[in-house]
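A short worksheet on the structure shown next.
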Amino acid sequence: MKKLTLSLMMLCVGLMVQAQTTWTYGDHTYTMKGNLTAVKYNGAATGVVTFTNIPSDYEEFEALYTQFLGKTPHGTAAMMPMAMEIYGRNREEGLRCLQLINWPNNVSSVVSQLKQKFGTSQYAPANDGYHQRYLPAAVLKGAKPENAYTPVQPYTVEMKASVNKHQDMTFGGTGRVMYIYIMGDGWDTHQRSVEIIKQPDSNLHQVFNCPSLYTQCKQIRGEWPGLK
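So the mapping is simple: our numbering equals the position in the sequence shown, first residue as 1, plus 405.
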């Protein structure tokens with residue numbers, strides 16, 4: 406009987422972890438479900454985040470992070486394309502968003518690349534393949550070069566556990582780093598690797614490293630419609 410009760414409790418816990426939760430800000434709606442966790446590696450773990458709109462500004466982004474998505478590794482990972490898109494719209498607000506959710510050492514790497522990908526010059530004009538303002542959409546479900554990176558709505562970020570197991574930091578601070586694949590059709594691999602860190606004294610996660618998110622994706626076909 407005790408064994409049966411324990412099994413039922415474990416099943417209930419698993420269902421609770423997978424349960425979908427919803428958070429709203431004005432008329433923007435965000436949902437999250439999944440069982441990715443920094444506590445213990447699970448190679449079969451997944452996560453899904455959906456949202457009706459990109460956060461309008463830093464205030465909404467901060468509230469979304471501290472009150473909802475930042476509390477899970479997959480929620481935090483899904484905020485990177487949001488932050489990248491905000492940076493594309495407004496450099497100052499986007500930088501604040503990137504600084505909020507990223508490990509400090511990662512911010513400069515992200516910003517350095519986005520300046521090049523989102524900027525134009527005589528060497529990389531707007532019609533140059535290196536200029537990829539649509540890069541944040543490349544990891545959203547349904548977006549692909551053939552449809553001008555137009556994602557399905559509501560926007561969806563699908564994730565799964567990496568084959569790489571968790572690692573505890575041995576230098577530069579304390580915390581556990583976990584590895585997540587964000588699915589996306591902008592690359593031949595159809596996935597991007599993101600490292601998420603959870604420090605023991607915080608209930609929020611941070612993006613530790615994510616170079617594949619700003620790596621050149623496949624050249625767009627047509628004109629990108631943008632994101633809401």
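Backbone N, C-alpha and C define an ideal beta-carbon position, used for all residues, glycine too. Note that the structure is predicted; figures quoted are calculated from it, not measured.
query	result
Could you give the DSSP three-state label for E628: helix, strand or coil?	coil
Using a Cβ-Cβ distance under 8 Å, would A450 count as near chain C?	Absence of chain C from the displayed structure is noted, only one protein chain being present.
Can you pull the DSSP bridge partners for A566?	I585
Can you name the start and end residues of the beta strand (DSSP E) that I491 belongs to?	I491 -> not in any beta strand (DSSP E); alpha helix (DSSP H) instead, spanning P478 to R494.
Quick one: using the 10 Å Cβ neighbour count with 16 as the cut-off for buried, is C615 buried or exposed?	buried
Could you give the first and the last residue of the continuous alpha helix (DSSP H) run that contains T594?	Segment: none, T594 is in no alpha helix (DSSP H) and carries neither H nor E.
Can you check DSSP and say which residues form a bridge with K438?	V453
Could you check whether M489 and K466 sit closer than 8 Å to each other, using their CB atoms as the reference points?	First, the amino acid is wrong: residue 466 is Phe here, not Lys. No; because the gap between Cβ atoms is not below 8 Å, this pair is not in contact.
Grouping DSSP H, G and I as helix and E and B as strand, with all else coil, what is V599?	strand
When DSSP labels each residue in this structure, what does N510 get in the three-state scheme?	helix
Just to confirm my understanding: we take Q621, look at its own chain, exclude 5 residues before and 5 after, and list those with CB closer than 6 Å. What are they?	none
Measuring only the C-alpha atoms, how far is P605 from D573?	11 Å
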